Amino acid sequence: MNLKLRALTKSIWVFHVSAGSCNNCDIETLDCFTPRFDVERFGIQLIGSVRHADALLITGAMNKKSIPR
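Read left to right, the sequence shown gives residues 260 to 328 (our numbering).
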């Protein structure tokens, strides 16, 4: 099966991690899911569990103290 077709058959579940950003990135990320932009029509959904996620979205700067989380 072609990789492009395989990727489009399922929706992408994204887990969002805020790593000490200025909160503007978080607002812009969540703004994508409002009816004005509606990225869910492309099959992208935010989920609450890392185990179910297909992608990890990190906003902010990661450092060594964030590793245990």
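The beta-carbon is built from N, C-alpha and C at its ideal position, and this holds for glycine as well.
The structure displayed is predicted, hence computed values, not measured ones.
Cut-off 8 Å between Cβ atoms - residues of its own chain near residue i, not counting five sequence neighbours on either side
i, result
"Asp285", "His275, Ser277, Thr318"
"Phe292", "Val298, Glu299, Leu305"
"Val273", "Ile303, Gln304, Leu305, Ile306, Ala312, Asp313, Ala314, Leu315, Leu316"
Contacting residues, own chain, Cβ-Cβ under 6 Å from residue i (five flanking each side not counted)
i, result
"Gly279", "Gly319"
"Ser235", "The question about residue 235 has no answer, for the chain in this structure spans 260 to 328."
Problem set entry | Runs of beta strand (DSSP E) wholly within the stretch 266–328 (minimum 3 residues, chain order) | 271–277, 303–305, 314–318
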